[in-house]
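Heads up: the protein sequence lines correspond to chains A and B, in order.
Residue numbers for the first sequence follow the numbering used here, beginning at 260 and rising by one.
Residue numbers for the second sequence follow the numbering used here, beginning at 210 and rising by one.
Right, one structure below, let's go through it.
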Amino acid sequence: MPLLKLIGDRLLPAIEEAKNEVSLEDWRANRIAHPDATALVIPNDADIDDLRCDVSGFSAIILEFPAFKDGRAYSQARLLRERIGYTGEIRARGDVLRDQLLYMVRCGVNGFEIAGAASDGAETALQEFSFAYQASSDGATPVWKRRRNRAAAA
Amino acid sequence: MYRYDEFDATMVAERVEQFRGQVARRLSGDLTEDQFKPLRLMNGLYLQLHAYMLRVAIPYGTLSSKQMRALAEASRKYDKGYAHFTTRQNLQYNWPALVDVPDLLDDLAKVEMHAIQTSGNCIRNVTSDQYAGAAQGEVEDPRIWCEVIRQWSTFHPEFSYLPRKFKIAVTACDHDRAAVKVHDIGLRLYKNDAGETGFEVMVGGGLGRTPYIGQTIRKFLPKDHLLSYLEAILRVYNLQGRRDNMYKARIKILLNAKGADDFASLVEKEWAAMDAKDVDLPADEIARIRDYFAAPEFEPLPETSAGLDSNSTKNKAFGRWVRTNTHGHRAPGYAIVNISLKPIGGIPGDASDAQMDAVADIAEQHSFDEIRVTHEQNLVLPHVKKDDLYAVYLALEAAELATANIGLVSDIIACPGLDYCSLANTRSIPIAQRISERFADLGVQEDIGELKIKISGCINACGHHHVGHIGILGVDKKGEEFYQITLGGSGAEDASIGEIAGRGLSSGEVVDAVEKLVGYYRENRQDTERFLDTYRRLGAEKFKEALYAAA
Numbered sequence: 260m261p262l263l264k265l266i267g268d269r270l271l272p273a274i275e276e277a278k279n280e281v282s283l284e285d286w287r288a289n290r291i292a293h294p295d296a297t298a299l300v301i302p303n304d305a306d307i308d309d310l311r312c313d314v315s316g317f318s319a320i321i322l323e324f325p326a327f328k329d330g331r332a333y334s335q336a337r338l339l340r341e342r343i344g345y346t347g348e349i350r351a352r353g354d355v356l357r358d359q360l361l362y363m364v365r366c367g368v369n370g371f372e373i374a375g376a377a378s379d380g381a382e383t384a385l386q387e388f389s390f391a392y393q394a395s396s397d398g399a400t401p402v403w404k405r406r407r408n409r410a411a412a413a
Numbered sequence: 210m211y212r213y214d215e216f217d218a219t220m221v222a223e224r225v226e227q228f229r230g231q232v233a234r235r236l237s238g239d240l241t242e243d244q245f246k247p248l249r250l251m252n253g254l255y256l257q258l259h260a261y262m263l264r265v266a267i268p269y270g271t272l273s274s275k276q277m278r279a280l281a282e283a284s285r286k287y288d289k290g291y292a293h294f295t296t297r298q299n300l301q302y303n304w305p306a307l308v309d310v311p312d313l314l315d316d317l318a319k320v321e322m323h324a325i326q327t328s329g330n331c332i333r334n335v336t337s338d339q340y341a342g343a344a345q346g347e348v349e350d351p352r353i354w355c356e357v358i359r360q361w362s363t364f365h366p367e368f369s370y371l372p373r374k375f376k377i378a379v380t381a382c383d384h385d386r387a388a389v390k391v392h393d394i395g396l397r398l399y400k401n402d403a404g405e406t407g408f409e410v411m412v413g414g415g416l417g418r419t420p421y422i423g424q425t426i427r428k429f430l431p432k433d434h435l436l437s438y439l440e441a442i443l444r445v446y447n448l449q450g451r452r453d454n455m456y457k458a459r460i461k462i463l464l465n466a467k468g469a470d471d472f473a474s475l476v477e478k479e480w481a482a483m484d485a486k487d488v489d490l491p492a493d494e495i496a497r498i499r500d501y502f503a504a505p506e507f508e509p510l511p512e513t514s515a516g517l518d519s520n521s522t523k524n525k526a527f528g529r530w531v532r533t534n535t536h537g538h539r540a541p542g543y544a545i546v547n548i549s550l551k552p553i554g555g556i557p558g559d560a561s562d563a564q565m566d567a568v569a570d571i572a573e574q575h576s577f578d579e580i581r582v583t584h585e586q587n588l589v590l591p592h593v594k595k596d597d598l599y600a601v602y603l604a605l606e607a608a609e610l611a612t613a614n615i616g617l618v619s620d621i622i623a624c625p626g627l628d629y630c631s632l633a634n635t636r637s638i639p640i641a642q643r644i645s646e647r648f649a650d651l652g653v654q655e656d657i658g659e660l661k662i663k664i665s666g667c668i669n670a671c672g673h674h675h676v677g678h679i680g681i682l683g684v685d686k687k688g689e690e691f692y693q694i695t696l697g698g699s700g701a702e703d704a705s706i707g708e709i710a711g712r713g714l715s716s717g718e719v720v721d722a723v724e725k726l727v728g729y730y731r732e733n734r735q736d737t738e739r740f741l742d743t744y745r746r747l748g749a750e751k752f753k754e755a756l757y758a759a760a
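What follows is the structure in structure tokens.
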């Protein structure tokens, strides 16, 4: 599956060696057995407030979107960024579509396994809106803060 | 009224362009219908039985005259010269062509309107009291908070693919006209004993296949923390709501599976853990929004109007209309005017382009340029001088909009039913029309008093039958339309779910059944008792007997 990565505000094809993946369950059960693991796969029903393991050592965490309408991983991504403070790559896997990329990016996802056809115009999709109303994990300045900054500058 | 600044205007314009691109990809074949469906459904575009249907958001049911004219113009330009007002204070066009929809949305964007999040599994248009800003006894204008929620929920990245659709309603009066207890979240703004203003937060109300009355999960939420608390509720729901069965995916199922107390603890825990500082709006932004909802400059007037009194005596029909269709206003000498979209024998909630233009003109002249849409599918002119009521009445009458039946037996909520909807089992509109014709005499209607009939053409309950004083549910029995009667429901502050009365009735029997129930009520009511009160006093059995007694 082709991989796109968010670099700055650009979405670029990434060519890299496959990660050595381990599931959250296996990692919790016996981490000694997975000395080479570089990516943690978290199922979308896992409780991020109760991971019971340190995830900071993984270079990527893979979140699952089994169907485009299953949006649990949006919350998981935000919790990983904002509550756990994870700074590595958060990668979206599954039914990843062009028209969802902006929401994923806003929730802190920065790697995307996306089929070739679905990625057409992917970069454009990130630039369709100039502002965001609400604060999220991408650090975008919410509209209310822009209003305040503008008022202060006037 | 709230007015867009450059940020709001940019967001809506960019959404139109984004959707234009999505429609172009569909028309060119780059997107299949399956791929296009979730995209159009984020923007209010449904594929119905015969055509596309576009649902336009009317945030918390407030419109200016200019916006109403734009809606009328769009109905001429892109539809068949009429539109339909819905139970969520929105408007639907039933016949637009796909290729025209981006242009239609572009026209609406010019008057600060859109179709954002009017469908899909996201936070839908926030609804409110149609008398907001005009009602007596209101704590503050609930639309301030509706607008706060509108901005926060628009394109919310975390909550756009929820397990199911999500509806929020806000009221700020003791008398609930917004049906907050049958919403996913109902918010009641009130002053506590310490004199602070905050929200009672109710969660898990809803109709559909499994009706529930919402439960209070927080008695008092200081109002400045509204958004972070909503974010906590939505996060718990997004992570834990069921996704295996769409009929069990609403938050009401989650709340009732866990129990209200456990659900509340989950929310409180999430809320405590959250960094709320960038979620809750600072005081200056709330004040900025509040300023838009400042009351208009009411003239100092005496409470009574000599002209109103003499015209009510001279013109009996006007007198009746004043009694049934106007409501007390907070400012002396003013009244709230309800415009019925339920003419006898008509289609509930429909308005022609000419009628929409007429309402726009009347509002501009007599109601500070403001119009409201009600969840009961009527319109409201919120601020009319009592001295002007006769002129307003005559203008409404000329537009065939002066039916004096607000809250009465022919003021029926009906879903579009099998005449339009691909989910329906039965027709709803013709039943409403026939009931309305049976009780055509407005004098009789006034004597019967408040009686809310609500009709749904299938179990999804878009016609709110569960909370009708008399509810009518259409069911398909071996290819034949049957109707089940429920009794004793209410969507107001005394909310309750109606009870099924007994065996289903044929389409031919329904109107007689309603007449029998009404007849029994009139024989047995005490004093000024409403139908609902008599039903609650006497109990279901008596009414069932009356309903099924051999003729």
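The C-beta atom is built at its ideal place from N, Cα and C for all residues, glycine as well.
Fair warning: this is a prediction, and the values are worked out from it, not measured in the lab.
Proximal chain A residues relative to residue i, where beta-carbon distance stays under 8 Å
i: B:GLU477; result: Per Cβ cutoff of 8 Å: no residues; B:GLU477 is ~13 Å from chain A at best.
i: B:VAL488; result: GLN393, ALA394
i: B:MET262; result: Result: empty, since nearest Cβ-Cβ is about 21 Å, beyond 8 Å.
i: B:GLU494; result: TRP403, ARG406, ARG407
Residues of its chain near residue i, where Cβ-Cβ distance is below 7 Å and the 5 sequence neighbours each way are ignored
i: B:PHE577; result: PRO505, HIS592
i: B:PRO351; result: SER337, ASP338, ALA341, VAL379, THR380, ALA381, LEU398
i: B:LYS400; result: VAL348, THR406
i: A:GLN359; result: PHE327
i: B:ILE325; result: ARG224, ASN252, ALA266, THR363
i: B:TYR291; result: SER284, ASP559, ALA560, SER561, ASP562
Contact list for residue i against chain A, beta-carbon separation under 7 Å
i: B:THR363; result: TYR392
i: B:PRO247; result: PHE327, LYS328
i: B:ARG452; result: ASP329
i: B:ASN330; result: LYS328
Anticipated Cβ contact below 8 Å, residue i with residue j, distance rounded
i: A:GLU341; j: B:ASP703; result: The Cβ separation is near 42 Å, so there is no contact.
i: B:ASN303; j: B:MET262; result: 5 Å
i: B:LEU550; j: B:GLN586; result: 6 Å
i: A:ALA319; j: A:ARG357; result: That belief does not hold up - the Cβ atoms of A:ALA319 and A:ARG357 are roughly 22 Å apart, past 8 Å.
i: B:SER369; j: A:GLY330; result: 7 Å
i: B:GLY156; j: B:GLY680; result: Since the displayed chain B opens at 210 and closes at 760, residue 156 of chain B lies outside it and no answer follows.
CB contact flag (residue i, residue j, <9 Å)
i: B:THR271; j: B:GLU573; result: no
i: A:ILE349; j: A:LEU339; result: yes
i: B:LEU460; j: B:ILE358; result: Contrary to the premise, residue 460 of chain B reads as Ile rather than Leu in this sequence. Result no, Cβ atoms of B:ILE460 and B:ILE358 do not sit closer than 9 Å.
i: B:TYR438; j: B:ARG427; result: yes
i: B:TYR602; j: B:ILE640; result: no
i: B:PHE364; j: A:ALA351; result: no
i: B:HIS675; j: B:VAL412; result: no
i: B:PHE502; j: B:TYR543; result: no
i: B:ILE664; j: B:ALA623; result: yes
i: A:GLY389; j: B:THR219; result: The sequence shown places Ser at residue 389 of chain A, rather than the Gly named in the question. In contact: A:SER389 and B:THR219 (Cβ atoms closer than 9 Å).
i: B:ALA343; j: B:ALA701; result: no
i: B:GLY414; j: B:GLY423; result: yes
i: A:LEU299; j: A:ILE266; result: no
7 Å Cβ cut-off: residues of chain B touching residue i
i: A:GLU341; result: ASP484
i: A:ARG365; result: PRO366
Nonlocal neighbours in the same chain, by C-beta distance under 8 Å from residue i, ignoring five residues either side
i: B:LEU517; result: VAL531, LYS595, ASP596, LEU598, TYR599
i: B:ARG179; result: The structure shown does not extend to residue 179 of chain B, since chain B is modelled only from 210 to 760, so the question has no answer here.
Chain B residues whose Cβ lies nearer than 9 Å to that of residue i
i: A:GLU387; result: GLU223, ARG224, GLU226, GLN227, GLY230
i: A:TYR362; result: PHE364, HIS365, PRO366, GLU367, SER369, TYR370
i: A:TYR333; result: PRO366, GLU367, PHE368, SER369, TYR370, ASN447
i: A:ARG337; result: PRO366, GLU367, ARG444
Same chain, Cβ closer than 6 Å to residue i, neighbours up to 5 away in sequence not counted
i: B:GLY528; result: SER521
i: B:SER645; result: ILE553, GLY554, SER619
i: B:PHE648; result: VAL618, SER619, GLN654
i: B:ASP309; result: TYR287
i: A:GLN393; result: PRO401
Per-residue contacts from residue i into chain B (C-beta, under 8 Å)
i: A:CYS312; result: By Cβ distance, chain B contributes nothing, its closest Cβ being about 19 Å from A:CYS312, past 8 Å.
Within chain A, partners of residue i - CB distance below 9 Å
i: B:PHE294; result: Neighbours of B:PHE294 on chain A: none; closest Cβ ~27 Å, over 9 Å.
i: B:THR219; result: PHE388, SER389, PHE390
Original post:
What beta strand (DSSP E) runs, 3 residues minimum, are completely inside the stretch 339-374 of chain A?
Top reply: Qualifying beta strand (DSSP E) stretches, in chain order: 348-353, 370-372.
Original post:
What alpha helix (DSSP H) runs, 4 residues minimum, are completely inside the stretch 396-454 of chain B?
Top reply: If we require 4 residues or more, the alpha helix (DSSP H) runs fully inside the stretch 396-454 of chain B come out as 435-449.
**OP:** Would you mind listing the alpha helix (DSSP H) stretches within the stretch 385-412 of chain A that are 4+ residues and don't spill past its ends, in chain order?
**Re:** Given a length threshold of 4 residues, each whole run of the alpha helix (DSSP H) inside the stretch 385-412 of chain A is given here in chain order: 402-412.
Subject >> Minimum length 3: unbroken beta strand (DSSP E) runs contained in the stretch 489-566 of chain B >> reply: As far as the stretch 489-566 of chain B is concerned, its whole beta strand (DSSP E) runs of at least 3 residues are 535-537, 543-548, 559-561.
Original post:
Counting only runs that start and end within the stretch 562-619 of chain B, where is the alpha helix (DSSP H) found for 4 or more residues in a row?
Top reply: Assignment of alpha helix (DSSP H) within the stretch 562-619 of chain B, counting only whole runs of 4 or more residues, yields 562-575, 598-607 in chain order.
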